[in-house]
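Right, one structure below, let's go through it.
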């Protein structure tokens, strides 16, 4: 409302005059300071409703002034909006870290500036602590975005609640201690203290540990978000983007249920959450990069990276959080810089991939020892560096690895005494004739090589090659493939070398995945190799489709609506009509429990996203040949 007090801190006389002129027209009471020290003396005296702070001040810069204001109890509550003429990468983060409540880039727009100031003033007014009247239940709304904070407050006030606002997690803890609200609604992605950590801090404080907490996110709520919310003691988590109408009912339910006891998920549970988050991140970030070339949905992408920025920071992946936040900032601009956006998206995809590899490598010894303990595995024809990588992975999993040099080979055949002690053999793809010569040894054969192996059709030949390891391979994939071949249940070895099949008869494939992009990639790849495909986007009708068409192979995702992949797999194996269909699980999940569960239910193969389309073609062809030879 007119008459509110604003302090402008600006050392450029021309900029000061321009800013003051625009604000004078709106009827505000204006005070000015030309340097940091003057501002520190003025602001406690006039107690303004809003401070506009130039960051590029001579002497004491604007960030230092803000830090001092926020450190002083008498001025800590001042709403400070940063003004800067040189918006560089990281400026917004530095301003928020110093304690700024908002950020406006010069040159100031005559069309939008008054509205921006009004928004900040309205948010400041709503953040004033007031106690509810007439028996209203009080809700503390915690959000660093003043517009979103105001919208949530309005939605709750319409539902009959009294609201008090806080501009971040630190301010939220202070306000909670002042008023002891009946309930807290908090955003997740905030500076200084994010929503998950804020909720954890609430639960640890005896004064307000019993207050119910509802977390909000501007993105779609994912499983990893729900798991973290439960772990931190939140009553629920809702999307504030889909519909603000969901917030008031969530508040009502939380008030009825009382405070949620933090769920102890333990180290294994936390590792599983990290695994799921990173695996989904790898898949989705790659899709964002691919979608960029064909037309990226900027709003959907912003929601995804917003969630990543908050969750990654909470799970201990600060670099991913930082890059995701930078992408979100770029996407918020009316016309995002294309080159910068593409570069950041590629950086993020690479970070997710690297983090997942490191995470899985760290987890490998914990579960790998029980699978390959004391198993003897031979390596044939690998260069020293590749052999060292494979041996290290196998030894970490408890296996004994024996490298057999090419000098030990007799032409293309091996002397029996060279392999008699090996329970399985890994052969360099360049020596495929050697793999064929092992037919009489009885040892399972894993052929390791690049995509050229697939293009040459080596893997389709059926010459004693039981599985394929495609470059670039990871330590955990080596272990998984070896364990699979040595496992009696569900092993391809049980079928032995497969018989050739008439190439004129196309392979029938049923693709089951709720991600249309994955379906399009897989279907296009399969049809390009002469296969006939049908698709399903949920698990509910897969058994019926399989009964109607009896496909040679079913490629099945795990995370499906209606029925998940495990339920579908069990139903297919229990059905007398479909029980012999070849089934490949194609999923981003690579925990030991998921892999073992799949093979226990009767899956024939297990491929992890992101995947090589050529490798998937080879595996499906191999499985189809085995099915047809029965």
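In the working numbering, the protein residues as written are -5 to 624. Ideal Cβ placement from N, Cα and C applies to all residues, glycine included. Remember, predicted model here, so these are calculated numbers, not experimental data.
Per DSSP, the unbroken alpha helix (DSSP H) holding residue 149 starts and ends at 140 to 152. Residue 76 is positioned such that its CB atom lies no closer than 8 Å to that of residue 53. When secondary structure is reduced to three states using DSSP, residue 600 falls in the strand class.
DSSP places residue 180 inside the beta strand (DSSP E), whose first and last residues are 177 to 181. Scanning 102, 176, 510, 186 for the CA closest to the CA of residue 88 turns up 186.
The beta carbons of residue 179 and residue 133 sit about 6 Å from each other, so the pair counts as a contact at 8 Å.
Taking C-alpha positions only, residue 240 is separated from residue 233 by approximately 8 Å. Annotated three-state conformation of residue 524 is coil, per DSSP.
Residue 18 and residue 97 have their alpha carbons spaced roughly 21 Å apart. Each residue's CA atom was taken as its position, placing residue 575 and residue 621 some 7 Å apart. Counting along the chain, the unbroken alpha helix (DSSP H) around residue 62 starts and ends at 56 to 65. Counting only runs of 3 or more residues that sit fully inside the stretch 508 to 571, the beta strand (DSSP E) segments are 526 to 530, 547 to 550, in chain order. The beta carbon of residue 273 is closer than 7 Å to those of 350, 582, 583, 584 in its chain, skipping five residues each way along the sequence.
When the beta-carbon positions are compared, residue 136 and residue 176 stay at least 8 Å from each other.
Secondary structure in the stretch 17 to 52: the alpha helix (DSSP H) runs of 4 residues or longer, each lying completely within the stretch, are 30 to 40 in chain order.
By the CB criterion at 8 Å, residue 20 and residue 108 fall inside the cutoff. The alpha carbon of residue 561 has as its nearest neighbour, out of 225, 534, 587, the alpha carbon of 534. Straight across, the Cα-Cα distance linking residue 546 with residue 333 is about 45 Å.
The residue among 340, 617, 300 with its C-alpha nearest the C-alpha of residue 287 is 340.
Distance check between residue 568 and each of 421, 537, 277 places 537 closest, using alpha-carbon atoms only.
Linking residue 342 to residue 542 through their CA atoms gives a straight-line distance of about 43 Å. By DSSP's assignment, residue 422 forms a beta bridge with 442.
With a 10 Å radius around the Cβ and a threshold of 16 neighbouring Cβ atoms, residue 225 comes out buried. Minimum Cα-Cα distance from residue 327 among the listed residues 292, 311, 317, 301 corresponds to 292. In this chain, the beta strand (DSSP E) harbouring residue 96 covers 96 to 99.
For the 8 Å CB-CB criterion, residue 555 and residue 532 form a contact. Around the beta carbon of residue 594, fewer than 16 other beta carbons sit within 10 angstroms, so the residue counts as exposed.
In this structure, 525 is the residue among 557, 525, 312 with its C-alpha nearest to the C-alpha of residue 615.
Straight through space, the alpha carbons of residue 164 and residue 242 are spaced by roughly 24 Å. When the beta-carbon positions are compared, residue 318 and residue 303 come within less than 8 Å of each other.
If you compare the alpha carbons of 305, 160, 41, 47 with that of residue 271, the shortest gap goes to 305. Looking only at 6, 24, 202, the smallest Cα-Cα distance to residue -2 is reached by 24.
When secondary structure is reduced to three states using DSSP, residue 592 falls in the helix class. In this structure, DSSP gives residue 71 a state outside helix and strand, which the three-state scheme calls coil.
Membership of residue 315 in the alpha helix (DSSP H) is indicated by the continuous run 312 to 326. In the structure shown, residue 503 adopts extended strand secondary structure according to DSSP, grouped into three states.
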